[in-house]
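So that you can map any letter, position 34 of the sequence shown is 503 in our numbering, and since no number is skipped, the others follow by simple counting.
A virtual CB, placed ideally from N, CA and C, is assigned to each residue, including glycine.
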Amino acid sequence: MTEHEYHQLAEALMFTIEEQVDDCEADLDYESAQGILEIIFADKSKIVINKQAPLHQVWVATKFNGHHFEMRDGQWIDNRSGAEFWEFMNQASTRQAGQEIKWQSSL
């Protein structure tokens, strides 16, 4: 993957989440700047998603743990657990919010 392709894919991923925050039934907000997206929950906890351009990865930190995702066969995959990004985010966000949250890829 080229540097340009990585940035396009990572930015599209973050933008997709930003678009869905406003439509989410849970009390969520977000802040975004310079390759970092913070999803802010009602209890003021956060999930932080940030680009790691030198590694071509997207890192996700929840209040429970952190994960490193890399593009494999057209999907962002956690390099430790093998979890797919959207599945992981649904589970992590639901756990953190205390109510079901469903994110979905725009692809």
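- Per DSSP, reduced to three states, the secondary structure at Glu556 is helical.
- By the criterion of a C-beta distance shorter than 6 Å, Glu569 is surrounded in its chain by Thr563, once the five residues flanking it on both sides are discounted.
- Fully contained in the stretch 471 to 514 are the following alpha helix (DSSP H) runs of length 4 or more, in chain order: 472 to 490.
- Between Trp545 and Trp572, the gap from beta carbon to beta carbon reaches 7 Å or more.
- Secondary structure of Arg549 (DSSP, three-state): coil.
- Under the three-pair Cβ rule at 8 Å, the stretch 522 to 529 counts as touching the stretch 470 to 488.
- Boundaries of the beta strand (DSSP E) around Phe538: 535 to 541.
- Shown here for Ala561: same chain residues with a beta carbon closer than 8 Å to its own, the five before and five after excluded, namely Ile516, Val529, Thr531, Phe533 in chain order.
- Annotated three-state conformation of Gln565 is helix, per DSSP.
- Taking a C-beta distance under 7 Å as the contact criterion, Ile509 and Asp498 qualify as a contact pair.
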